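In terms of the working numbering, the sequence shown is residues 1 to 296. From the three backbone atoms N, C-alpha and C, an ideal C-beta is built for every residue, glycine too. Source: prediction; values computed, not measured. Working notes, structure below.
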Amino acid sequence: GYMKASAYISGTNYASESWLISPVVDLTGATNCVLSFEQAANFFGDKESYLAAVSVKAKAEGATEWTDLTVEGPATGTSWDFSASTVALSVFDGQKVQVAFVYTSTAEKAGTWEVKNVKIQGEGGTVEEPVVPEYTTIMDLKDNATADIVAVNFVFTDLLVTAVKGKSVFVTDGNEGMQFYGTADYTFVAGDKISGTLAGDLYLYGGMTEITNVDYSNVTVSSSGNEVVPTALTVENIANNSGHLVYENMLVTLENVFFQAETLTSKNVTIAGAEATIVLRDNFNVLTDAIFNTTK
1 GYMKASAYIS
11 GTNYASESWL
21 ISPVVDLTGA
31 TNCVLSFEQA
41 ANFFGDKESY
51 LAAVSVKAKA
61 EGATEWTDLT
71 VEGPATGTSW
81 DFSASTVALS
91 VFDGQKVQVA
101 FVYTSTAEKA
111 GTWEVKNVKI
121 QGEGGTVEEP
131 VVPEYTTIMD
141 LKDNATADIV
151 AVNFVFTDLL
161 VTAVKGKSVF
171 VTDGNEGMQF
181 YGTADYTFVA
191 GDKISGTLAG
201 DLYLYGGMTE
211 ITNVDYSNVT
221 VSSSGNEVVP
231 TALTVENIAN
241 NSGHLVYENM
251 LVTLENVFFQ
261 AETLTSKNVT
271 IAGAEATIVL
281 RDNFNVLTDA
291 IFNTTK
């Protein structure tokens, strides 16, 4: 819910300098621009120490020097209460600009600074509606997923729901799998085939492709009770997989495996095939009480 800066770790203060820098914001044609945000600051000891430790800066695109900005409505430095703050950006009217929130600390004092609801507003200018990319295959989604969250529309027909769990819906087109995550507002069950246009954010979460913050309002169940057949794999199939991660988010059965431990450790257990090993991770505590026979 907020961006946080702190250099206090396990009872120790650390000297640090940290910059949170915005993307380039186009203020071309805009006037009377104002940066607004909410901030909270605590453990600085007093307001003066907090003001000395944090700052807000800006620079025009391509410039090398940052300009210190005057913040109206600062926090107290000794409370978690958020304060509404504003900064006049009129000196940057008509330019493309970046804003930076800068945090510093010392070995003697390392407070915590929290910032949220950042926006820039001005008068005039033109606003272009962002173009939301549209994809029609799971392979296309995987090809275009990055660690940056990007709004997308996914248009599909007869994707098979292989599993649902809490906020997660897992689907397959018969060749590749995908996870929809971020809301429990669905009525699908395993065996449903769904069609329509799903809106959400394409994202690589820990290297795995998913669509999060999903909107199912334009998705319908086209048929129910379809057979869900797991894809039979070996450990080597998964360990040697490259290119398109065709097995991610797929319902699978693993054949001819040996467990390397009798029980799960930190929700993980290593399993081996003839020539490779992988980690089986128990995300939902389903296997917590299981005892594995490591000799078979």
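Residue(s) in a DSSP beta bridge with residue i
i, result
"Trp-113", "Ala-5 and Ala-41"
"Trp-19", "Val-102"
"Met-208", "Tyr-205"
"Met-139", "Beta-bridge pairing links Met-139 to no other residue."
"Asn-175", "DSSP, once it has assigned bridges, lists no residue as partnering Asn-175."
"Gln-121", "Val-34"
"Val-169", "Val-164 and Phe-180"
"Leu-51", "Paired residue(s): none; Leu-51 is not in a bridge."
"Val-150", "Leu-202"
"Phe-259", "Ile-271"
"Ser-83", "Gln-39"
Neighbourhood of residue i by C-beta, 8 Å cutoff - its chain only, sequence neighbours within 5 removed
i, result
"Asn-240", "Ala-276"
"Asn-268", "Val-279, Leu-280, Arg-281 and Asp-282"
"Ser-223", "Asp-158, Asp-192 and Lys-193"
Alpha carbon of residue i to alpha carbon of residue j, nearest angstrom
i, j, result
"Tyr-103", "Ala-75", "14 Å"
"Tyr-186", "Val-252", "23 Å"
"Ile-21", "Lys-119", "13 Å"
"Cys-33", "Lys-59", "14 Å"
"Thr-157", "Ala-147", "27 Å"
"Val-54", "Thr-12", "19 Å"
"Thr-137", "Phe-101", "40 Å"
"Leu-27", "Ser-90", "10 Å"
"Lys-296", "Ala-163", "28 Å"
"Leu-69", "Ala-40", "18 Å"
"Leu-202", "Asn-237", "26 Å"
"Ala-290", "Ala-151", "40 Å"
"Gly-29", "Gly-124", "6 Å"
"Ser-18", "Ala-274", "48 Å"
"Leu-233", "Leu-254", "5 Å"
"Tyr-2", "Glu-129", "26 Å"
"Phe-44", "Tyr-50", "5 Å"
Own chain partners of residue i with C-beta closer than 6 Å, once the 5 adjacent residues on each side are dropped
i, result
"Tyr-8", "Ala-110"
"Lys-47", "Thr-76 and Gly-77"
"Asn-298", "Because the chain in this structure spans residues 1 to 296, residue 298 falls outside the shown range and cannot be described."
"Trp-113", "Ala-5, Ala-41, Val-54 and Tyr-103"
"Phe-170", "Thr-162, Ala-163, Gln-179 and Asn-249"
"Tyr-216", "Tyr-186"
Rounded Cβ spacing between residue i and residue j (contact assumed at less than 8 Å)
i, j, result
"Thr-231", "Met-250", "5 Å"
"Val-56", "Val-99", "7 Å"
Residues near residue i by beta carbon distance below 7 Å, same chain, minus five either side
i, result
"Thr-212", "Tyr-181, Gly-182, Gly-200, Asp-201 and Tyr-203"
"Ala-272", "Val-235, Val-257, Phe-258 and Gln-260"
"Phe-92", "Leu-27, Cys-33, Ala-58 and Ala-60"
"Asn-175", "Val-246"
Beta carbon proximity, residue i to chain D, threshold 7 Å
i, result
"Gly-122", "The chain labelled as chain D is not found in the depicted structure, where only one protein chain is given."
*Check whether the segment 183-200 touches the segment 218-236, taking contact to mean three or more Cβ pairs, one atom from each stretch, closer than 8 Å.*
yes
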